[in-house]
Each structure stands twice: as structure tokens, then as C-alpha cells.
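Numbering (mature numbering (1 follows the signal peptide of the UniProt record, and there is no 0)), first residue to last: -23 to -1, 1 to 243. For each residue, glycine too, the CB sits at the ideal point set by N, CA and C. Inspection log for the structure reproduced underneath, given as C-alpha cells.
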């Protein structure tokens, strides 16, 4: 399935899915003025500068960060800093309480996606913006689990994916980022699965397999309204065996995140 075909198949599923939440934290406990602060350091390499020029012009991450900051009370600011490090990584630092986004990891994902399905310059720029947004929200999930001392939510990598997915959908502005993530996870897994010697690396990583991450997100969408999103099953985007428990999974995860975040929601 091509990038464009998968985009078309999942686009309309990402418009009305919403995480319900309730309750306010007392003002003397968490300062509502704290927010997610996104910044971009000037790049020193050609590759880093190419990504720097794209992400600094894109406003989706800033809009989403402002939306999250207005909805979720935090004990302190959360810096999200884009840097030219050439370490091919993005991570939350629990000691320094900040998120680092290396331009090179975004370039890696964008290049991998381009090699799997050639994109126009416009589509590639959009993919860079969307991939960086999803990665940043995934790391924000790690940050909130730490900053808000949230209870155990299972595998933290999967929990961070759930957080990113639910928050992107709730803002009503994150559909493109989710499409980019879903598309990448599906196509990258298919591509890597054809390469010899990759299974050990995949299975030993702390993240769920890319194809599992894809199905987990699609299952949440289907579970929110099985009748409305039946085409996800009929078009082969979600196996029927998984679809049978999607509604329960959706309800369980929604309730779990409701309870975890209840005291921090405005």
C-alpha cells in the first residue's frame, strides 16, 4: 500500500476521535502558567540545516504544544529543544526535565520514508513536519509520565505512543502527524522485514515493533466507533481478530488515561 493510499484510507478516521477527561488540580499544587516551550538551535551541518529550515517554519508543533499547555497543568516548564547533534535520537532527560530533538533523527525518518515511497518536495516537507510532531509528542508522553508522577501505565514506550495518539486526536489538529506515524510504522516494518539480520535488533528494542505500533493506533480509532469505522476491517487495515477486542481496548485505555490525568486537566 502506497503512502498516498494509506493517507486516503485513514484520513477521515482521525477527525472525531477524542479523549474525555475531567477534574482540575488545585491551583496551589501545579502552576497553570507553566507550558511546553519549543525552540530551535541553529544547525551547523547541511543535513541539520535542511531540517532546521523546515521545522522552524512549521507551526503545527507550536500550536499543539500551546493546546496541551492550556489543557494540562504542569509543575514546571517543559523545554523541547531541536539541536544539530548527529546522534539520530530524540529523548526526554528525566534529570534535566527537557526533551532533545536531533535534526538528524528527523532526517533519518524522512529519508527512510522517501526511499520506500518517493514523495514530491511538498509532500516530503509535510512529512518532515508531521514526523517531527509525532516524535515530539511521543517524548512529551515520557515527560508527563515523569513530571506528573503518573501511575504505571504498562510498557512506557507503548504508553507514550498512546499519549501522543490521544492528545493529537483530542486537539483536533494532529491528524496529519498521526497519518505520517501510521504510514511510517507500516511501511518501514514491511521494508525492514525484507532485510536479513534485522529481527534481533527489532525484537531486542524497548519499543514495540513498528507494525504493532501501527495496529495499536488503528485499533484505538476503530474501537471508538466500530460501526462507523467498519471499513478499517473490510479494507484490510485492521485484522478482524484484533477488531473484536478493539472496542474494549479503546474503553479501557480511555478510562485509564482519564484517571491518570484527571487531576491535571483544566
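Local Cβ density within 10 Å of residue i, reported as buried at 16 or more and exposed below that
i	result
residue 243	exposed
residue 4	Any reading at residue 4 is ruled out, since the residue's pLDDT is 40, under 50, leaving its predicted position unreliable.
residue 230	buried
residue 225	exposed
residue 204	exposed
residue 25	buried
residue 222	exposed
residue 131	exposed
residue 201	buried
residue 36	exposed
residue 239	exposed
residue 193	buried
residue 218	exposed
residue 126	exposed
residue 61	buried
One or two residues paired with residue i in a DSSP bridge
i	result
residue 111	DSSP lists no partner for residue 111.
residue 67	78
residue 192	Answer is none; residue 192 lacks a bridge partner.
residue 17	59
residue 285	With the chain covering -23 to 243 only, the question about residue 285 has no answer from this structure.
residue 242	49
Proximal residues to residue i (C-beta, below 6 Å), its chain only, five neighbours per side dropped
i	result
residue 119	69, 137
residue 64	79
residue 75	56
Beta-carbon contacts of residue i that lie in its chain and below 7 Å, excluding the five residues immediately before and after
i	result
residue 87	101, 104, 105, 108
residue 48	242, 243
Cutoff 8 Å; reference residue i; Cβ partners in own chain excluding five residues on either side
i	result
residue 85	65
residue 54	11, 12, 13, 14
residue 129	none
(Q) Quick check: the segment 206 to 213 against the segment 17 to 29, are at least 3 beta-carbon pairs closer than 8 Å? (A) no
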